[in-house]
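Asker: In the working numbering, the protein residues as written are 12 to 397. Every residue, glycine too, gets a C-beta built ideally from N, C-alpha and C.
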């Protein structure tokens, strides 16, 4: 039996959804209500819903986070404890997310199961270092990742049999810090095509869109500078997402009526926003693999991404998009200008991007890739496809 534990998190939700279509026995432990997972096709009989944790977060989180700096840490510890007591004894493979799985990994090992820790970003040391470096570059105070979180993650990396990451960038960050290559599983994330599809663009304005938290980590300050310096006629930059205080000075510095702060949208509305644009750009400083990249490609947009965004695993250079170095404003300007001057080429790249994710980067592709990776590593469960 495969046991999957996650406090939120789409990738493992879609893995459970895929397993529901097979004869592979599994248990899905999460904070998702069972009615929600049932709507996703995951049988209630195969779920354990720790809804008390998400309820505590929703009811108490806003007030307690202001007074209690340990609130998130305690929630994660609580989740880990509850999962560790909920793992079925017949589990042969346990997979849990980093920061919330140390006790659970140990409990699964005590049952004789093989264990995998899922890490959605780069190695936590690499993440902490590059975010500190970015803050220092701009004279912004950086408190750093909680040392307890770092210590717990490092213990999870050490104790898990395998570490699963979504991109070559993330994998390289582990290899650089001495993780044996045979311990790493690399499978890129996917996109739900039913939610992300192109609709007709209603005008001829050339639009760049970035959808993410508007933060240093996401590199939005480099994009607004590039757009400001290009001064393209009949062009707009749409920024979708909530803005962190650290980005406000950059927005003021490069203020431009054609830089439009769009706010946030539900998943069911994002495809309409993407479809009014010409190119999706994500110059992130650090990611594992941002889901918004495949989402935008599914809506028919070419992708301009940084080498640290995970997008390089999705695109073919010059066919579906372009990859640029982090912090390289000139490279961003060059690629944006190329697509601006060559609208037909941009449209062709967008069509190619849509076809590529539809054929290679759906959530079913992700789940199948994981199962094949498990098999290559000698991890088998009853009825796993051969």
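Contact check, residue 468 vs residue 30 under 8 Å by CB: the rounded distance?
Answerer: Outside the modelled stretch of the chain, which goes from 12 to 397, sits residue 468, for which no answer is possible.
Asker: Report yes if the C-beta distance between residue 161 and residue 141 is below 7 Å; otherwise report no.
Answerer: Counting from one through the chain shown, the residue named residue 161 turns up at place 150. Counting from one through the chain shown, the residue named residue 141 turns up at place 130. No; because the gap between Cβ atoms is not below 7 Å, this pair is not in contact.
Asker: Tell me residue 390's beta-bridge partners as DSSP assigns them.
Answerer: Locating residue 390 in the chain shown gives position 379, where the first residue counts as 1. None, per the DSSP bridge assignment.
Asker: Is it true that the region 301-321 meets the region 361-378, where meeting means three or more beta-carbon pairs spaced less than 8 Å apart?
Answerer: Verdict: yes, contact present.
Asker: To the nearest angstrom, report how far apart residue 360 and residue 384 are at their CA atoms.
Answerer: In the chain shown, the residue the question calls residue 360 occupies position 349. In the chain shown, the residue the question calls residue 384 occupies position 373. Each residue's alpha carbon lies about 30 Å from the other.
Asker: If you draw a straight line from the alpha carbon of residue 104 to that of residue 315, how long is it in whole angstroms?
Answerer: Within the chain shown, the letter at position 93 stands for residue 104. Within the chain shown, the letter at position 304 stands for residue 315. Their backbone Cα atoms lie some 37 Å apart in a straight line.
Asker: Provide the residue span of the beta strand (DSSP E) that contains residue 188, from first to last.
Answerer: Here residue 188 refers to the residue found at position 177 of the chain shown. Where residue 188 is concerned, there is no enclosing beta strand (DSSP E), given that its DSSP letter is neither H nor E.
Asker: Give the list of continuous alpha helix (DSSP H) stretches no shorter than 4 residues that lie fully inside the region 241-268.
Answerer: Listed in chain order, the complete alpha helix (DSSP H) runs (minimum 4 residues) inside the region 241-268 are 259-264.
Asker: Counting Cβ pairs, one atom from each stretch, are 3 or more of them under 8 Å apart for the region 104-116 and the region 156-176?
Answerer: With the cut-off at 8 Å, the region 104-116 and the region 156-176 touch.
Asker: Closest to residue 253 by C-alpha separation, out of 224, 260 and 243, would be which residue?
Answerer: Along the chain shown, read from residue 1 onward, the residue named residue 253 stands at position 242. When each option's Cα is compared against that of residue 253, the closest is 224.
Asker: If I measure Cβ to Cβ from residue 246 and keep anything under 6 Å in the same chain, skipping five residues before and after, which residues do I get?
Answerer: On the chain shown, position 235 is the one that residue 246 refers to. Closer than 6 Å at Cβ, skipping near neighbours: 217.
Asker: The alpha helix (DSSP H) spanning residue 361 covers which residue range?
Answerer: Position 350 of the chain shown, counting from 1, holds the residue named residue 361. From DSSP, the alpha helix (DSSP H) with residue 361 extends over 354-371.
Asker: Roughly how many angstroms separate the alpha carbons of residue 397 and residue 16, rounded to a whole number?
Answerer: Working through the chain shown from its first residue, we reach residue 397 at position 386. Working through the chain shown from its first residue, we reach residue 16 at position 5. The predicted position of residue 397 is uncertain, since its pLDDT is 48 and thus under 50; no value can be drawn from it.
Asker: Using alpha carbons as the reference points, say which of 132, 330 and 128 lies closest to residue 107.
Answerer: In the chain shown, the residue the question calls residue 107 occupies position 96. Selected option, being the one with the closest Cα: 128.
Asker: Leaving out five residues before and five after residue 196 in sequence, what residues of the same chain have Cβ atoms less than 6 Å from its Cβ?
Answerer: On the chain shown, residue 196 is found 185 positions in, with the first residue counted as 1. These residues qualify, in order along the chain: 173, 175 and 384.
Asker: Give me, in chain order, the residues of the same chain whose beta-carbon lies closer than 7 Å to that of residue 233; leave out the 5 immediate sequence neighbours on both sides.
Answerer: For the purposes of this step, residue 233 is taken as the residue at position 222 of the chain shown. So the list reads 294, 338, 340 and 343, once near-sequence residues are dropped.
Asker: Check whether the Cβ atoms of residue 206 and residue 239 sit closer than 7 Å, and answer yes or no.
Answerer: As a working note, residue 206 is residue 195 in the chain shown. As a working note, residue 239 is residue 228 in the chain shown. The answer is no: Cβ separation not under 7 Å.
Asker: Kindly list the residues whose CB is nearer than 6 Å to the CB of residue 333, restricted to its own chain and excluding five residues on each side of it in sequence; keep chain order.
Answerer: On the chain shown, residue 333 is found 322 positions in, with the first residue counted as 1. Closer than 6 Å at Cβ, skipping near neighbours: 315 and 346.
Asker: Name the DSSP beta bridge partners of residue 8, please?
Answerer: Nothing about residue 8 can be reported from this structure: the residues present for the chain run from 12 to 397 only.
Asker: Taking the continuous alpha helix (DSSP H) assigned at residue 23, which residues delimit it?
Answerer: If you number the chain shown from 1, residue 23 lands on position 12. 21-30 is the extent of the alpha helix (DSSP H) around residue 23.
Asker: Let me know the secondary structure DSSP gives residue 198 once reduced to three states.
Answerer: In the chain shown, counting from the first residue as 1, residue 198 sits at position 187. Residue 198 falls in the coil class under three-state DSSP.
Asker: Can you list, in chain order, the residues of its chain whose CB lies under 7 Å from that of residue 155, leaving out five sequence neighbours each side?
Answerer: Locating residue 155 in the chain shown gives position 144, counting from the first residue. Cβ neighbours of residue 155 beyond the five flanking positions: 139 and 143.
Asker: Does residue 17 come out as helix, strand or coil in the three-state DSSP assignment?
Answerer: Counting from 1 along the chain shown, the entry for residue 17 is found at position 6. Residue 17: strand per DSSP, three-state reduction.
Asker: Is it the case that the region 144-151 contacts the region 83-97, given that we only count it when at least three CB pairs across the two stretches are under 8 Å?
Answerer: Result no; under three Cβ-Cβ pairs closer than 8 Å.
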